[in-house]
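See below for the structure under consideration.
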Amino acid sequence: MTFLSHLISGISLGSVYAIIALGYTMVYGIAKMLNFAHGDVIMVGAYISFCTTSYLGLSPLISVIFAVIVCTVLGIVIERLAYKPLRQAPSLAVLITAIGVSYFLQNAALLIWGSSPKVFSSVVGNWSVQLFDGQLVISGVTIVTVAACIVIMAALTLFTAKTRMGTAMRAVSEDKGAAGLMGINVNTTISVTFAIGSGLAAIAGVLLCSAYPTLMPTTGSMPGIKAFTAAVFGGIGSIPGAMIGGILLGIIEIFSKAYISTQLSDAIVFAVLILVLLVKPDGLLGKHVNEKV
Numbered sequence: 196m197t198f199l200s201h202l203i204s205g206i207s208l209g210s211v212y213a214i215i216a217l218g219y220t221m222v223y224g225i226a227k228m229l230n231f232a233h234g235d236v237i238m239v240g241a242y243i244s245f246c247t248t249s250y251l252g253l254s255p256l257i258s259v260i261f262a263v264i265v266c267t268v269l270g271i272v273i274e275r276l277a278y279k280p281l282r283q284a285p286s287l288a289v290l291i292t293a294i295g296v297s298y299f300l301q302n303a304a305l306l307i308w309g310s311s312p313k314v315f316s317s318v319v320g321n322w323s324v325q326l327f328d329g330q331l332v333i334s335g336v337t338i339v340t341v342a343a344c345i346v347i348m349a350a351l352t353l354f355t356a357k358t359r360m361g362t363a364m365r366a367v368s369e370d371k372g373a374a375g376l377m378g379i380n381v382n383t384t385i386s387v388t389f390a391i392g393s394g395l396a397a398i399a400g401v402l403l404c405s406a407y408p409t410l411m412p413t414t415g416s417m418p419g420i421k422a423f424t425a426a427v428f429g430g431i432g433s434i435p436g437a438m439i440g441g442i443l444l445g446i447i448e449i450f451s452k453a454y455i456s457t458q459l460s461d462a463i464v465f466a467v468l469i470l471v472l473l474v475k476p477d478g479l480l481g482k483h484v485n486e487k488v
């Protein structure tokens, strides 16, 4: 039962990574840029949910909805102010800007909420499901997290395949110039992509802090880096790849902590990534694209 318990914990943690990685992979797949401020949007979403429940006394569901709305607007503002002016700039300039936005959000959180850790109350509650006469206990947070990951991935897949905006996103990801000539508003499409990714970051932040109830301005930093690793692992730009990469990464991390070393678990995660990329540089589900020079 111990093995099965660790496996479920790994899938739960990996589902959070997968939700965060979906934001990374959508932004990169369409805008061809790495938004390293994404991890800090996770933190903002968790703080908004915390304030809504702790200070305003609203229900957990309302707090999640409010966090999603705030982070969605934040994502659009970040894209318009920080990234849109750099649309034609070198990738290094965009990367430096993303790091600057990340530091700005962290320090803004320090000024607003302080550096002391906050105890985050689970938005799911403390219920659980017991199996095998109580030998295996699955928490409500785990069940909701895995279910949310599956629903979000399915919804995004249908959205990109069946809707008009999804078609526009796929067109922009292939060729921005050609998409613009066909009448697609490239700027609006990229803004919608940032909005969706930031909304997902809010959900991930709430679920992450529900499972690990300590909230700080740096809460999203390491999960954000690991989620980016998961996106690369699965094949950045691929929605199913982000989910598979996130879940595999979570399982590897939990089993590394349980059977090898808690201190070495992060190193093992990144070592596995390096090995995968040496064998398959485009990730597990990534597509190899030849660039003309």
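In the working numbering, each residue's number is its place in the sequence shown (first place is 1) plus 195.
Each residue gets a CB set at the ideal place from its N, CA and C atoms; glycine is no exception.
- Going by DSSP, residue 347 is part of the alpha helix (DSSP H) stretching over 335-357.
- Pairing residue 438 with residue 255, the inter-Cα distance amounts to about 25 angstroms.
- A Cβ-Cβ contact shorter than 7 angstroms links residue 408 with residue 314.
- Under the DSSP assignment, residue 301 falls in the alpha helix (DSSP H) whose first and last residues are 286-308.
- For residue 324, the secondary structure class from DSSP, reduced to helix, strand or coil, is strand.
- Between the segment 265-276 and the segment 327-343 there are fewer than three inter-stretch CB-CB distances shorter than 8 angstroms, so the stretches are not counted as touching.
- Contact annotation, residue 480 with residue 212: C-beta distance approximately 16 angstroms; criterion of less than 8 angstroms not satisfied.
- DSSP, read as helix, strand or coil, puts residue 362 in helix.
- Around the beta-carbon of residue 321, fewer than 16 other beta-carbon atoms lie within 10 Å, marking it exposed.
- Only residues of its own chain outside the window of five on either side were considered, and among them 379 and 384 have a CB closer than 6 angstroms to the CB of residue 363, listed in chain order.
- The closest CA to that of residue 343, considering only 359, 297 and 319, is found on 319.
- Beta-bridge pairing by DSSP links residue 313 to 410.
- The count of Cβ pairs closer than 8 angstroms, one atom from the segment 465-481 and one from the segment 225-241, stays below three, leaving the stretches out of contact.
- Bridge pairing for residue 211: absent [DSSP].
- Residue pairing of residue 332 in beta bridges, as defined by DSSP: 325.
- By the criterion of at least three beta-carbon pairs nearer than 8 angstroms, the segment 238-247 is in contact with the segment 255-266.
- Inside the segment 455-482, DSSP marks whole alpha helix (DSSP H) runs of 4 or more residues at positions 460-474, from first to last along the chain.
- DSSP places residue 428 in the uninterrupted alpha helix (DSSP H) bounded by 416-429.
- Exposed is the label assigned to residue 197, since fewer than 16 other Cβ atoms lie within 10 Å of its Cβ.
- In this structure residue 357 is exposed. Its beta-carbon is surrounded by fewer than 16 other beta-carbon atoms within 10 angstroms.
- Scanning 216, 447, 207 and 404 for the CA closest to the CA of residue 392 turns up 216.
- Closest option to residue 263, judged by alpha-carbon separation, among 280, 238, 252 and 277: 238.
- Look at residue 434 here: in three-state DSSP terms it is helix.
- Remark: C-beta atoms of residue 424 and residue 210 do not approach each other more closely than 7 angstroms.
- Note on residue 223: 16 or more other CB atoms within 10 angstroms of its CB, so buried under the neighbour-count rule.
- In the displayed model, residue 395 falls within a helix according to three-state DSSP.
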